[in-house]
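**Q** Residue numbers (our numbering): 1 to 382.
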Ligand SMILES: Cc1cc2nc3c(=O)[nH]c(=O)nc-3n(C[C@H](O)[C@H](O)[C@H](O)COP(=O)(O)OP(=O)(O)OC[C@H]3O[C@@H](n4cnc5c(N)ncnc54)[C@H](O)[C@@H]3O)c2cc1C
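1. Any idea what DSSP makes of residue 188, helix, strand or coil?
2. Can you give me the start and stop residues for the alpha helix (DSSP H) that residue 26 sits inside?
3. In terms of residues, what are the limits of the alpha helix (DSSP H) holding residue 73?
4. Quick one: does the C-beta of residue 113 sit closer than 7 Å to a heavy atom of ligand 1?
5. Which residues in the same chain as residue 388 place their Cβ atom closer than 6 Å to its Cβ, once the five residues preceding and following it in sequence are excluded?
6. Is the separation between the beta-carbon of residue 232 and that of residue 162 shorter than 8 Å?
7. For the stretch 151-223, which segments carrying the alpha helix (DSSP H) assignment without a break, of at least 4 residues, lie completely within its bounds, in sequence order?
8. Less than 7 Å between the CB of residue 89 and some heavy atom of ligand 1, yes or no?
9. Taking 7 Å as the line, does the beta carbon of residue 32 fall inside it for any heavy atom of ligand 1?
10. Heavy atom of ligand 2 less than 7 Å from the Cβ of residue 278, yes or no?
11. Could you check whether the Cβ of residue 36 sits closer than 7 Å to any heavy atom belonging to ligand 1?
12. Around the C-beta of residue 364, are 16 or more other C-beta atoms found within 10 angstroms, so that it is buried, or is it exposed?
13. Is the beta carbon of residue 352 closer than 8 Å to that of residue 324?
14. Spatial neighbours of residue 335 within its chain, please: C-beta separation below 8 Å, excluding the five flanking residues on both sides.
15. Report yes or no: do three or more beta-carbon pairs, one from the stretch 185-202 and one from the stretch 88-96, lie closer than 8 Å?
16. What ranges does the alpha helix (DSSP H) occupy inside the stretch 279-366, keeping only unbroken runs of at least 4 residues that lie completely in it?
17. Assuming the contact rule is C-beta atoms closer than 8 Å, residue 255 and residue 171 should be a hit. Round their C-beta distance to whole Å, please.
18. Under DSSP, the alpha helix (DSSP H) around residue 92 begins and ends at which residues?
19. Could you name the residues of the same chain whose beta carbon sits closer than 6 Å to that of residue 389, not counting the 5 residues immediately before and after it, in chain order?
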């Protein structure tokens with residue numbers, strides 16, 4: 001069997017690794033647009049259980065991926081200058097480039113051919129392949145060209161994001177809400193290496209316009225954000241890595257495959273950084289796709305239909321949560337008058353996946369503080 005893959009991100013690499021690992025006779029080649037040492041972004045974060053599926057199917061890959069990861073048990077929210085700690089929210093963090101390096105090294109060890117620095121323009125170059133995996137990310141140009149077959153929906157969210165790094169150590173993962181003269185800036189910050197933290201800045205369209213980010217160059221935007229978060233950065237600089245402002249697009253597709261061509265990872269559908277599961281989903285997709293292909297040898301349409309049948313329900317659920325989470329950030333200025341404890345509880349319950357009962361079990365002190373502020377009807381407020 002021959003497999004051609006457009007895009008050497010977590011989705012394409014995990015599929016290639018899995019296919020070659022279980023059947024060394026499969027010919028797998030990847031074409032990746034960027035150079036081997038180039039990566040967009042800084043660190044990525046996973047919930048503590050997010051990579052357990054990799055451990056279940058591939059303990060050695062899991063060990064290699066998690067070797068350098070940083071684990072923290074809690075997160076913190078800073079609202080109105082007050083910090084609320086949220087224990088029992090464990091996250092693992094690592095540099096995106098380290099994840100890619102491990103996956104690329106393991107693929108090459110198994111004989112996957114990876115060609116760097118070339119963009120796939122048309123799928124003709126995979127004409128000899130039994131399976132073509134389109135894993136070229138959220139802005140997939142190939143999906144756009146084949147839109148008549150996949151019928152994608154691109155939901156461009158209104159908020160603006162800039163993905164910076166910093167040398168300030170954000171332990172634990174921090175969500176910082178800083179009002180400023182032009183509106184509100186939000187930072188999602190966490191340390192992912194001994195020396196660096198991710199510092200993702202978010203703002204709504206009215207803050208973006210009032211601050212004039214649309215008219216500033218990249219350096220001026222970075223300096224503006226440094227000023228607003230001066231207290232949090234404590235003298236450390238923000239760092240840029242193609243950190244231009246962008247709006248996040250929630251991608252979904254009515255059809256996941258066309259003949260022997262299948263979408264995978266972010267090309268197929270995106271979550272949102274605020275629910276932090278994109279990389280996990282991309283890797284889970286890859287493992288599920290391989291399983292479906294292995295179960296239906298010689299019958300690609302059947303295999304791809306099975307892949308979609310198995311993955312679509314979970315994917316739809318996560319996307320619905322991602323949209324609810326996105327909306328919470330988009331409308332957060334309506335909640336800025338909440339006290340810090342009520343604000344933190346509102347944040348935790350934003351997608352509907354965490355209930356007040358869950359908070360009671362996970363963090364009795366926070367639940368008690370919330371109950372004291374919101375006594376049931378009839379009971380006196382403290
Ligand atoms: C600001 C931000 C923060 C995030 N934070 C997290 C996080 O904390 N945790 C998490 O799990 N996820 C996070 N994500 C999401 C995560 O980055 C993606 O979900 C994940 O990378 C998807 O993997 P992928 O392989 O599908 O796509 P990508 O990682 O986008 O990889 C696609 C690859 O295809 C290549 N490519 C593109 N076009 C072509 C072409 N025509 N030909 C050949 N190659 C091509 C690209 O160079 C790229 O290497 C974040 C995303 C953003 C934007």
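In this text, a Cβ means the ideal position worked out from N, Cα and C, and glycines have one as well.
**A** Walking through what the data contain:
1. strand
2. Residue 26 -> no alpha helix (DSSP H), and no H or E assigned at all.
3. Residue 73 -> no alpha helix (DSSP H), and no H or E assigned at all.
4. no
5. No answer is possible for residue 388: the residues shown for the chain start at 1 and end at 382.
6. no
7. 205-211
8. no
9. yes
10. For ligand 2, the structure offers nothing, since it holds only ligand 1.
11. no
12. exposed
13. yes
14. 343, 346
15. yes
16. 300-330, 340-348, 356-362
17. No, residue 255 and residue 171 are not in contact; Cβ-Cβ is about 44 Å, not under 8 Å.
18. From DSSP, residue 92 is part of no alpha helix (DSSP H) but of the beta strand (DSSP E) over 91-95.
19. What the structure shows of the chain is the stretch from 1 to 382, and residue 389 is not part of that stretch, so it cannot be assessed.
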